[in-house]
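Since the structure comes first, as structure tokens, the remarks are kept for the end.
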Ligand SMILES: [Zn+2]
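Numbering (full-length UniProt numbering), first residue to last: 1 to 93.
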């Protein structure tokens, strides 16, 4: 079965909460893979996707981009952002 992009963090609520499509996913840059892995406590690759729930509000920037005459606001991570917010209470043994 294919549920689309799922968060690489074990026990993440986004993985079961598939009705919420407002969630953005982010992938680590190759130089950030190790830092993200230790922050998230799980081995990641550059292909891994992490949902926005693991980042702090101050980790995001919202650049504006003009596309075909209309302004779109993007959601991006600052370069130093790490996925430090984990939901351990959701983890089942
Ligand atoms: Zn997640």
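The beta carbon of each residue, even a glycine, is placed where N, CA and C say it ideally should be.
Note that the structure is predicted; figures quoted are calculated from it, not measured.
{"Check": "Terminal residues of the beta strand (DSSP E) in which residue 24 lies", "Outcome": "Counting along the chain, residue 24 falls outside any beta strand (DSSP E), and DSSP gives it neither H nor E."}
{"Check": "Assigned exposure category for residue 48 - 16 Cβ within 10 Å defines buried", "Outcome": "buried"}
{"Check": "Which residues DSSP lists as bridging residue 64, in chain order", "Outcome": "73"}
{"Check": "CB contact check: residue 66 to chain C, cutoff 7 Å", "Outcome": "The question asks about chain C, but that chain is absent: this structure has only one protein chain."}
{"Check": "Three-pair Cβ contact test at 8 Å for the stretch 50-63 versus the stretch 71-83", "Outcome": "yes"}
{"Check": "Where the alpha helix (DSSP H) through residue 42 begins and ends", "Outcome": "Element bounds for residue 42: n/a, residue is neither H nor E."}
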